[in-house]
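Below you'll find the structure, written out as structure tokens, and then a few comments.
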Amino acid sequence: MESEHYIMESEHNVMESEHHIIESEHHIMESEHHIMESEQHIIESEHHIMESEHHIMESEHNVMEREHHIIESEHHIIESEHHIMQSEHYIMESEQHIIESEHHILYNEHHILYNEHHIIKSEHHIMESEHHIMES
Numbered sequence: 000m001e002s003e004h005y006i007m008e009s010e011h012n013v014m015e016s017e018h019h020i021i022e023s024e025h026h027i028m029e030s031e032h033h034i035m036e037s038e039q040h041i042i043e044s045e046h047h048i049m050e051s052e053h054h055i056m057e058s059e060h061n062v063m064e065r066e067h068h069i070i071e072s073e074h075h076i077i078e079s080e081h082h083i084m085q086s087e088h089y090i091m092e093s094e095q096h097i098i099e100s101e102h103h104i105l106y107n108e109h110h111i112l113y114n115e116h117h118i119i120k121s122e123h124h125i126m127e128s129e130h131h132i133m134e135s
């Protein structure tokens with residue numbers, strides 16, 4: 000009798016152990032499922048990281064293009080300022096030539112007036128001489 004009781008108890012223990020094994024296997028399966036979900040999240044996160052890195056690279060490229068355009072624009076500004084300075088220099092040279100030409104004109108007009116004055120004086124002397132001749 001005791002032996003039957005022992006057998007029954009042992010069978011019960013076996014059943015409990017089998018139940019625990021099934022529960023453990025279920026926990027293992029749940030854990031494996033959680034691991035797979037976590038691995039999927041890792042893959043998704045890595046994908047997001049790669050997308051973000053790609054966006055960063057695109058942004059850096061855009062910044063470099065903008066900086067290149069800024070440098071080109073600054074170069075054009077410098078070239079334009081140089082052309083302005085050249086033009087201003089040519090204007091100043093032309094104004095200097097105008098002033099020199101006006102000076103020559105004034106100088107020549109002065110000589111014309113001086114010579115006309117001498118002509119008038121000479122004509123006056125001639126007229127005086129003729130008058131003296133006529134009187135004598």
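Note that numbering that gives the first Met the number 0 has the sequence shown beginning at 0, numbered continuously upward. All residues carry an ideal CB built from backbone N, CA and C; glycine is no exception.
- Each residue's CA atom was taken as its position, placing residue 68 and residue 49 some 28 Å apart.
- Here the alpha carbon of residue 72 sits roughly 37 Å from the alpha carbon of residue 47.
- Under the three-state reduction of DSSP, residue 121 is assigned to helix.
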